[in-house]
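What follows is a single structure, written as structure tokens, with notes after it.
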Amino acid sequence: MSDEIICREYTENDLPFLTDIVIKVWGFDDILSEKNAKLIAELNLYSFLNTATFAKIALKDNIPVGFLIGKIINSKTNNIYENKIKEIKSKISKNIEGIISLLVYKKIKSINNNLYKQVNKNYDAELSFFAVSKDCQGLGIGKKLFQEFNDYLKENNINDFYLYTDTYCNYKFYEHFEMHKKKEKHFSIPFTSKFDIDFYLYDKEL
Numbered sequence: 001m002s003d004e005i006i007c008r009e010y011t012e013n014d015l016p017f018l019t020d021i022v023i024k025v026w027g028f029d030d031i032l033s034e035k036n037a038k039l040i041a042e043l044n045l046y047s048f049l050n051t052a053t054f055a056k057i058a059l060k061d062n063i064p065v066g067f068l069i070g071k072i073i074n075s076k077t078n079n080i081y082e083n084k085i086k087e088i089k090s091k092i093s094k095n096i097e098g099i100i101s102l103l104v105y106k107k108i109k110s111i112n113n114n115l116y117k118q119v120n121k122n123y124d125a126e127l128s129f130f131a132v133s134k135d136c137q138g139l140g141i142g143k144k145l146f147q148e149f150n151d152y153l154k155e156n157n158i159n160d161f162y163l164y165t166d167t168y169c170n171y172k173f174y175e176h177f178e179m180h181k182k183k184e185k186h187f188s189i190p191f192t193s194k195f196d197i198d199f200y201l202y203d204k205e206l
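Residue numbering for the sequence shown follows UniProt numbering, starting at 1 and increasing by one per position.
So, in structure tokens, the structure goes:
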């Protein structure tokens, strides 16, 4: 086995691996059934891939162990996953747990949109979705993906970018790379301790 980490462009064959990473990193399997955890993970992935201009996968021993999805705002995108997104939303709406998880998903999107409005700034790019497999964290994979995204933005003459993160993530990682917390918002679901979270918007000038 090799410790070498290789980064390459995303392909459709990567999706099952990325879905598993998202489920475990965000703990969807702790709060949702196996079926709904998979659907919510796929919904997140397809939603960000749908408008992506950058999607890189980190491989260890030829297995995807991390990914970073981003976009240059106002760039032309194919939006090829619109039908897939509608299909997933339809599937997840067939039971109460799925309906609630979809409502939470929409609420999070609303919170993030409001954070963006509060900053009152138009950014050039967004780091949309970023995760490293739990058992591969601490190996420099996140740093490698983050640097590739930064290089991509600089090559395209981008001046700044932003991202949304929360207390379910290692948000301190971004501060290590000189990103700045601009806005934050607390959110919790009544009558449960399983979803009590702070949301943040960070940005960086290049």
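In this text, a Cβ means the ideal position worked out from N, Cα and C, and glycines have one as well.
Spatially closest choice to residue i from the options, by CA coordinates
{"i": "F161", "options": "N150, E126, V25 and D29", "result": "E126"}
{"i": "Y152", "options": "L15, I63, D124 and V104", "result": "D124"}
{"i": "F17", "options": "G27, Y200, G66 and A37", "result": "G66"}
{"i": "N36", "options": "T51, F130, V25 and I99", "result": "I99"}
{"i": "I72", "options": "E82, P64, I63 and T53", "result": "T53"}
{"i": "K154", "options": "T51, F28 and E205", "result": "E205"}
{"i": "E9", "options": "Y46, P64 and V25", "result": "P64"}
{"i": "K117", "options": "N74, Y164 and V104", "result": "Y164"}
{"i": "Y105", "options": "N83, E82, C136 and F28", "result": "F28"}
{"i": "K107", "options": "I5, K172 and H186", "result": "H186"}
{"i": "C169", "options": "K182, N156 and Q137", "result": "Q137"}
{"i": "N62", "options": "N13, K182, E82 and N156", "result": "N13"}
Residues near residue i in its chain [Cβ-Cβ closer than 6 Å; skip 5 each side]
{"i": "T11", "result": "none"}
{"i": "S188", "result": "D196"}
{"i": "L68", "result": "K56, F130, L145 and F149"}
{"i": "Q147", "result": "none"}
{"i": "Y174", "result": "Y202"}
Buried/exposed call for residue i, threshold 16 Cβ in 10 Å
{"i": "L49", "result": "buried"}
{"i": "F177", "result": "exposed"}
{"i": "I96", "result": "exposed"}
{"i": "V119", "result": "exposed"}
{"i": "M1", "result": "Any reading at M1 is ruled out, since the residue's pLDDT is 48, under 50, leaving its predicted position unreliable."}
{"i": "D3", "result": "exposed"}
{"i": "S101", "result": "buried"}
{"i": "L32", "result": "buried"}
{"i": "D203", "result": "buried"}
{"i": "S47", "result": "buried"}
Same chain only: Cβ atoms within 8 Å of residue i, ignoring 5 sequence neighbours per side
{"i": "E184", "result": "L115, D198, F199, Y200 and L201"}
{"i": "T51", "result": "K71, T77, N79 and S128"}
{"i": "L15", "result": "E42 and L45"}
{"i": "I158", "result": "I72, D124, A125 and L206"}
{"i": "S75", "result": "T53"}
{"i": "C7", "result": "K56, I57, A58, L59, K144, L145 and E148"}
{"i": "Y81", "result": "Y46, S47, L49 and N50"}
Residues near residue i by beta carbon distance below 7 Å, same chain, minus five either side
{"i": "V25", "result": "A131 and K134"}
{"i": "T167", "result": "I197 and D198"}
{"i": "M179", "result": "Y202, D203 and K204"}
{"i": "K84", "result": "Y46"}
### Query
Between the stretch 78-94 and the stretch 110-127, do at least 3 Cβ pairs fall closer than 8 Å?
no
### Message
If contact is defined by three or more beta carbon pairs under 8 Å, each pair taking one atom from either stretch, is the stretch 46-58 in contact with the stretch 129-147?
### Response
yes
### Query
In chain order, which beta strand (DSSP E) runs of at least 3 residues are fully inside the stretch 39-70?
54-60
### Query
Does the stretch 38-47 touch the stretch 17-27, meaning 3 or more C-beta pairs lie closer than 8 Å?
yes
### Query
Mind pulling the alpha helix (DSSP H) runs of 4 or more residues that sit fully within the stretch 130-195?
141-155 and 172-176
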